[in-house]
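Notes for the one structure printed next.
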Amino acid sequence: MIAASRRWFKRNRTNFAIGAGVLGAGYLAGQYALGKLSEARQRMSDERIAKENLRRRFEQNQEDCTFTVLAILPTATENILDAIPVEQILEELQKQKSERLARSVGPSEIASSAPPSVADDDGKSLTSFQSEGYVHASQVGDGDSGSAEGGAEATAQSSPPPKSKKTKAQLWNEMKISSISRAFTLLYTLSLLTLLTRIQLNLLGRRNYLASVVSLASPQTQESRINLENHDDDNYEHAYGNDFETNRRYLSFSWWLLHRGCIQLMHKVTAAVSEVFGSLNPREEITLEKLSELTLEVRRKVEGATEEERRTCKWLPFLLPTPSQESYVLRESGMTTPTSAPPSPSLRRLIDETSDLIDSPSFTHVLTLLLDAAFSHLIDTKISQLAYKIPPTSASTARIQELVGTDVKAKVANSLAVFCRQAHAIGTGANNEYLVAIEGVRDLEAFAAVVYSSNFEFEGPEVGGAGASAAPAPVVVGEEVVPTATAPVPVPVPVPATALASAPAPAPAPASGVTVADIAVAEEVHVPEAEVKPVVEDEEKPVEEKDGEVAGELEESAVEVAKEAGFESAWGKALAKEDGKST
C-alpha cells in the first residue's frame with residue numbers, strides 16, 4: 003500500500019509541481035492585481051482630494067479679489083469726486099436761482115424777465131437734481147448759508163477781487179460734462195481695478211501654490227526642522243518669492259491707480275465726453291438709443307474705434323508707475339523709507355510679469371468685455387428705468403418692452419441727475435451692483451485661471467543677482483511676439499447697445515463644443531502627484547532636478563486646463579515648437 007502510493011506520487015510528481023507552480027503564480031498575480039487596484043484607488047482618491055483643495059483655493063482667491071476691490075475702491079472714488087465736484091456746480095446754480103428770486107419784486111417781474119418755458123425747465127431740472135441726485139436740497143441750503151456767511155466775512159476783511167461769474171448756460175454745460183465724465187471715469191476705474199487685483203492676487207496665489215508643492219516634494223533637512231528663521235537655500239517659500247515683505251510691496255503698487263492713474267484716466271474721459279456731448283442741450287429730449295450711441299462714441303474715443311486701435315491702446319500708464327517712479331510709490335504707500343533696501347529680485351520679477359500681462363491682447367479684450375457689462379448696466383438698466391421710466395424687461399415681455407422703449411424720450415437734464423447719483427453707486431464699497439455685473443463676465447474667471455495656472459516653467463528659486471530679475475521669456479502667437487502666456491478669449495453672444503461694435507471675433511471652441519461658460523475652470527486643474535504622494539525615491543535627487551520635475555508636471559496641468567477651458571495656450575504652442583526643434 004505504502005509502496006504503491008510512493009510509486010503513484012513518483013509517477014505524478016511532475017504534474018504536482020506544475021499544479022503548485024500554477025497555483026502560486028495565480029496567487030501572486032492576484033495579489034499583484036489587488037495591490038495595483040488598491041494603489042490606483044488610493045491615487046484617484048488622493049487626486050480627487052487634492053483637486054478639490056486646489057479648486058477651493060482658487061475660488062477663495064477670487065473671493066479675496068472681490069473683497070480687496072471693495073476695500074480699496076472708495077479711495078479712488080474719493081479722489082475722483084474731489085477732482086470733479088458736481089455738487090459745487092449744483093450749489094452755484096441754486097445760488098443763482100435764489101439771487102434771481104430775491105431780486106424779483108413780484109410774479110409779474112419774474113414772468114417778464116424770462117419766458118415761462120425756460121423758468122419751468124430750470125426749476126424742473128434743479129428739482130430733479132435735488133430729488134434724484136445724490137445732493138439733497140438741505141445740503142444745498144447749507145452751502146448757500148455757508149457761502150452767505152463767508153461773503154459777510156470777506157467784506158469785513160481785505161480779499162482779492164472776485165472771479166468772473168459764470169452764466170447759467172456755462173454752469174449747465176459744465177454740469178453736463180462733469181456728471182457724465184465722473185460716472186464714466188468711475189466705470190473705467192472699477193474695471194481696471196478689478197483686472198489689476200485679479201492679476202496681482204492670482205500671481206501671488208500661483209507662487210504660493212508652487213512653493214507649497216516644492217516644499218512637499220523636497221525632503222526636509224535637519225536644519226530646516228529646528229530653525230525657526232531660515233534664509234538658506236532649503237527655505238523654498240522664501241526662494242520662490244513667498245515672503246511677506248515682498249507680497250506687501252507688490253500689492254502696494256495699486257496705489258498708483260487709486261491716486262494717479264484714475265486722475266489721468268479722468269482727463270482722457272473728460273476730453274472724449276466734451277467732444278461728444280458738448281453740443282447737446284440739457285433741455286433737449288433724446289431717446290435711449292441716441293444716448294447709447296453717444297456713449298458708444300465716447301468709448302470709441304477712449305478705447306479705440308477699431309480692433310487694431312484697441313489692441314494698441316496702452317493701459318499700463320494708468321495701472322503701474324514707470325520704473326523711475328516705483329520707489330516714489332513705495333514711499334507714498336508707506337512700504338519703504340528713503341533708507342530702505344532696494345526692491346528684491348522677486349519683486350522685480352512680479353512687476354515685470356504684471357506689466358507683460360497688462361500689455362497683452364487678452365487683457366485688452368477682457369477689459370472690453372468688462373466695460374460692456376458695466377456700461378450696459380448703467381445705460382440699459384439704470385438710465386432706462388430711472389430717467390426714461392422704462393420698466394425692466396422680462397423673458398415673457400421682452401419683445402413688447404423693446405418696441406415701446408425705442409420711442410420713449412427724456413430730457414438730458416433728467417439723465418444727468420441719474421448720472422450724478424449712479425457715480426456714488428459705482429464707487430461704493432458695499433453692495434456694489436456694478437462690480438457684481440462685472441464679475442458676471444465668465445471670461446474674467448477664465449483669464450484669472452490662465453494667470454493662476456500658467457508660466458510654471460519660468461518659476462524658479464530666486465537667487466540674488468542680475469539674472470534673477472529677468473522677465474519671463476516672450477512667446478510667439480502667429481506672426482506676433484507676445485510677452486506672456488495669453489490667448490484670445492471668447493466673446494459673449496449677447497451684445498448690449500453700449501458695447502463696442504467691432505469686438506474681436508470669438509476664439510474657436512474645442513471639437514467637443516466645450517467653452518468657458520460651460521465648465522468650471524478651477525475644477526479642471528490637475529494636481530501633480532508630488533503633492534499627494536509621499537516622496538521616497540527623490541531623497542537622493544538634487545534639488546534642481548526635483549524642481550524641474552515639479553515645474554514640468556505643473557506645466558502639463560496648465561496646458562490641459564487651458565485647452566479644456568477653450569484657451570489654446572500660446573506659450574504651450576511655443577513650448578511644443580521648441581520641443582520639436584530639440585528632438
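For the sequence shown, counting from 1, position 522 maps to 524 in my numbering; every step adds exactly one.
We treat Cβ as the ideally placed atom computed from N, Cα and C, and that holds for glycine.
Source: prediction; values computed, not measured.
Can you check DSSP and say which residues form a bridge with residue i?
| i | result |
| --- | --- |
| E287 | K413 |
Suppose you measure from the CA of residue i to the CA of residue j; what does that come to, to the nearest Å?
| i | j | result |
| --- | --- | --- |
| P284 | K178 | 7 Å |
| L260 | L298 | 25 Å |
| E65 | L203 | 10 Å |
| H426 | L188 | 9 Å |
| I86 | L212 | 45 Å |
| R105 | R423 | 32 Å |
| Q141 | E277 | The predicted model places Q141 with a pLDDT of 39, which falls under 50 and marks its position as unreliable, so this point remains unresolved. |
| T68 | T196 | 8 Å |
| A564 | L446 | In this predicted model, A564 has a pLDDT of only 46, less than 50, meaning its place in the structure is not dependable enough to derive any value. |
| R58 | I381 | 36 Å |
| E80 | R45 | 53 Å |
| V88 | R50 | 55 Å |
| L332 | W317 | 21 Å |
| L592 | P347 | No answer is possible for residue 592: it lies beyond the span of the chain, which begins at 3 and ends at 585. |
| L373 | D48 | 41 Å |
| T430 | S180 | 19 Å |
| P363 | Y390 | 37 Å |
| R43 | L36 | 10 Å |
| Y29 | E41 | 18 Å |
| E61 | G207 | 11 Å |
| A487 | I385 | Because the pLDDT of A487 is 38, which lies under 50, any placement of that residue in the model is unreliable, and the number read from its coordinates should be weighed accordingly. One C-alpha to the other measures close to 39 Å. |
| H379 | Y436 | 7 Å |
| D361 | R102 | 54 Å |
| V96 | C315 | Position check: residue 96 holds Gln in this sequence, whereas Val was assumed. Approximately 41 Å, taken between the alpha carbons. |
| L282 | S417 | 12 Å |
| P340 | E247 | 16 Å |
| V24 | M3 | 30 Å |
| N229 | E355 | Unreliable placement is indicated for N229, whose pLDDT of 45 sits below 50; the coordinate value is still reported in the next sentence. In a straight line, the C-alpha of N229 is about 33 Å away from that of E355. |
| Y330 | P345 | 12 Å |
Where do the ends of the alpha helix (DSSP H) carrying residue i lie?
| i | result |
| --- | --- |
| M268 | C264 to F279 |
| W10 | I4 to R13 |
| L359 | P347 to I360 |
| G368 | Residue identity check: residue 368 is Val in the sequence provided, not Gly. Segment P363 to S378, the alpha helix (DSSP H) holding V368. |
| V88 | V88 to R105 |
| V331 | E328 to E334 |
| T440 | Checking the sequence shown, residue 440 turns out to be Ile, not Thr. Where I440 is concerned, the enclosing alpha helix (DSSP H) stretches over E435 to E441. |
| A451 | R444 to S455 |
| P319 | L318 to L321 |
| Y252 | F246 to L253 |
| T338 | Unbroken run through T338: none, as it is neither H nor E. |
| T314 | E309 to T314 |
Could you check how far apart the C-beta atoms of residue i and residue j are, in whole angstroms? I think they sit under 8 Å.
| i | j | result |
| --- | --- | --- |
| G442 | A375 | 7 Å |
| R2 | T272 | Not covered by the structure: residue 2. The range shown for the chain is 3 to 585. |
| E287 | K411 | 4 Å |
| L205 | V453 | 6 Å |
| T191 | L267 | 6 Å |
| L321 | G263 | 6 Å |
| A343 | L72 | The pair is not a contact, with the Cβ atoms about 33 Å apart (cut-off 8 Å). |
| I265 | R184 | Between R184 and I265 the Cβ distance is about 12 Å, and since that is not below 8 Å, they are no contact. |
| I182 | V275 | 5 Å |
| E1 | L173 | Lying before the first or after the last residue shown, residue 1 is absent from the chain, which here runs from 3 to 585. |
| S256 | M337 | So it is not a contact: roughly 12 Å between Cβ atoms. |
| L352 | Y252 | 5 Å |
| E305 | L502 | 7 Å |
| T500 | F377 | 4 Å |
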